[in-house]
Every structure is written in C-alpha cells, then in structure tokens.
Amino acid sequence: MHTTLSQLIAGHPADALALGAPGRGWLTYGGLRDQASRVQDALRGFGVGAADRVAIVLPNGPDMASAFFTIAQAATTAPLNPNYREDEFAFYLEDLSAKALVIEAGYDGPALAAAQRLGLQVITLVAEEAAGAFSLKCETTGAGQGYVNAENVALILHTSGTTSRPKIVPLLQSNVAASAQNIAASLALNAEDRCLNVMPLFHIHGLVAAVAASFAAGGSIFCTAGFNALNFFAMMAEAKPSWYTAVPTMHQAILARAGRNAETIANVPLRFLRSSSASLPAQVMGQLSETFNAPVIEAYGMTEAAHQMCCNPLDRQEPGSVGGAAGPEVAIAHESENRLIDGTG
0 MHTTLSQLIA GHPADALALG APGRGWLTYG GLRDQASRVQ DALRGFGVGA ADRVAIVLPN
60 GPDMASAFFT IAQAATTAPL NPNYREDEFA FYLEDLSAKA LVIEAGYDGP ALAAAQRLGL
120 QVITLVAEEA AGAFSLKCET TGAGQGYVNA ENVALILHTS GTTSRPKIVP LLQSNVAASA
180 QNIAASLALN AEDRCLNVMP LFHIHGLVAA VAASFAAGGS IFCTAGFNAL NFFAMMAEAK
240 PSWYTAVPTM HQAILARAGR NAETIANVPL RFLRSSSASL PAQVMGQLSE TFNAPVIEAY
300 GMTEAAHQMC CNPLDRQEPG SVGGAAGPEV AIAHESENRL IDGTG
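Everything in the sequence shown is counted per numbering that gives the first Met the number 0, starting at 0 for the first residue and increasing by one.
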C-alpha cells in the first residue's frame, strides 16, 4: 500500500486525465505531478518547510482540489471554510500555528485581514488555463527545509467533537493515503471512473472520498464550484461522471429535480452513487437507486479516522446500515462497561 500522496499518483499514465472543471481544460496526471513539483519549489523558496502548516482559503473548485493535493506533498495543509468571519479566521489560523495562508489572486476578504493581523506569510494563487494548474506568488523569500515522508502530517482539520472548542485533527500522509486507497478499493474505482464533485473541499468527505480516492485509482474528477441543485444536472451532462458522493440533504435536493432531467439521467448512466456524513433515510436510498438505476452505497466515516471506516458492498446494500469495515478494523464497545463486545469487523 502506498504511504504518501505523491506515491498515489506516481504510476499513472502522464496523459491520463486527472482534473477538470466547467470552462477549463483538463489537467493530466503528468500535469498534476509537475504541479506538485512546482509547488514544492515555490514553497521552499518562500521559506516554507516540510513541517510548516499552510492554511488554504479558496473557493470550491479544481484549484482548491489541486492546491490541497499538491501543497500537502510539500508541507502540512489546513483547508478552511471560505465563509468564515475575520474573527473565526483569526481563531483558526492562530490555533493551527499556521506559517502561511494561500488565497486566490484578487482576494481581499476577512481571511487576508486575519492573516495580516497575525503576521502570517500571504501566498497568492494565480490560476492557469488547465483546471487545477496554478502558480504561487509571495513577497517573502527564504530557504524552506525538509522532505515529506509517510509520518509527516498531510492534513489538519478541526472537528467540534464533544466540546464547544474545536479540536485539531492531524492526519499523517500515511493516514490520508490509506483512506484514499481503502475507499477506492471498496468502490472498485479504476482509471475509467470519473467523479462529479459537489462536496465542499474544506471537509474530509470531499478531500478524501472525492479527490484523494479518485487520484489513488487513476480516475478523473470534475470539480464544480459547490453544490447547487439548480445546475447539478447541467454539470452532470457536461462532466459525464460514473459516480458522485454527497450528503443526504444533497441527494434529496437532486431527487426533487430528477423528474425534469430524465434525459440527462438516461444519457449519463452512473455506476453507483455514494452517500456519507449522515444517515441516509431508507426511502431516499430506494428512490435514488430507482431513479438512477444504480446502487446507492452508504458509508460511515469521521474526520479522526481520515474519513471512511465502514461501507456497504457494491453488490448488496442494506438500508439503514453503515455496512462492514472498509479498511480500518472496527470493534463495538459496551455502552457502560470498559470492554469491547466480542468480535471485530
């Protein structure tokens, strides 16, 4: 099993499509590997080393997907919700001990104000023609040190947990790589598969299940600007995906508009649909499967486990069940006694 993000994409054909988006050309795997190399060189020239933490505040889309995946091969990434207020950005940036913030060219919002208040390096991302291709600009120069290995932290996210103060969840290169490969295996993803991403890319679901798992399999991913039920089927017609992953509320919104988009559904047959991050009602699962004539794969995950822990099999789904263990070992603890129930999955 591969143990770093760079290893996940190292063996894919250079001309295979990796990343697409509306109105942008496709980025190939050769282009993605070149992008990762350019990003590492740029960050080191800005004084950002392998152990440094880089916050990313970008709109949903291919540049966010690529920025996460390539910066994480050179440093620790910390994607943040671009809709935060300045005080929220200040809290998260300080809590992360971030060294730098990546923003898009022309951005002049609260994340920049918070970073300047805290004295962080500000790195500007300048998009290029191909989806996910970009250059980085920064006024600060330096000599960043180190190379990323399996034990380096690739991704940091915050989770609310059981307290009011958000907790930092650091995920190693090996954690993210293992989860991506486990998801790809549980869904039998291959180079012919294409994911239509509608998930936010500051959340573990989109980052790992959509982006990293697709890259692990050598498949392609078409990144939208985020979920919009009004244009979902237009995006589906343009992207021609074989699958998508979403949360139950998104699936329900898609179902509500499926009737008037029967032609697109017929012309773009899905191999499966995936649902995670909340329980999918059995009725919705049945309606989705009937509407798209495809299995609906419900999975269970959490940020602390690098997303997926359990998943229904492709050939047999049970409504209301998270399925079996899908990579990690799973055990059931007694609700009141300090012991595990016999048996693991």
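From the three backbone atoms N, C-alpha and C, an ideal C-beta is built for every residue, glycine too.
Going by the beta-carbon positions, is the gap between residue i and residue j smaller than 8 Å?
i	j	result
R193	S163	no
F88	A113	yes
A304	R270	no
F45	T123	no
G322	E289	no
A126	D40	no
L79	F201	yes
T2	L156	no
Please report the residue range of the beta strand (DSSP E) in which residue i lies.
i	result
T27	23-27
P240	Run containing P240: none; DSSP gives neither H nor E here.
L124	120-126
S134	133-136
Whole angstroms are fine: how far does the CA of residue j sit from the CA of residue i?
i	j	result
R315	E336	34 Å
S65	V38	10 Å
R23	L111	27 Å
Q120	A184	39 Å
S275	Y243	11 Å
P21	Y28	18 Å
V197	I220	10 Å
P169	A261	43 Å
S36	E128	18 Å
A332	A324	15 Å
E191	T223	19 Å
L42	L206	21 Å
G60	L339	42 Å
N266	Q286	19 Å
A71	L272	28 Å
G118	N189	44 Å
T343	A330	Model confidence at T343 stands at a pLDDT of 49, short of 50, so the residue's coordinates are unreliable; what they give is reported in the following sentence. Roughly 5 Å between the two C-alpha positions.
G218	M249	23 Å
P247	Q144	43 Å
L135	G258	44 Å
For residue i, list the residues DSSP reports as bridge partners.
i	result
I167	H157
V197	For V197, which the question treats as bridged, DSSP gives no partner whatsoever.
G323	C310
M301	H306
G19	F221
V152	L171
L354	Because the chain is modelled from 0 through 344, residue 354 falls outside the range shown and cannot be assessed.
A99	V53, Q120
Starting from residue i and walking both ways along the alpha helix (DSSP H), at which residues does that stretch end?
i	result
R116	109-117
A212	212-216
*For the segment 171-191 against the segment 5-22, are there 3 or more C-beta pairs whose distance is under 8 Å?*
yes
*Per the contact definition of three or more C-beta pairs closer than 8 Å, is the segment 253-261 in contact with the segment 37-52?*
Here the segment 37-52 does not lie against the segment 253-261, with fewer than 3 beta-carbon pairs under 8 Å apart.
*Segment contact, 8 Å Cβ cut-off, at least three pairs: the segment 90-106 with the segment 53-62*: yes
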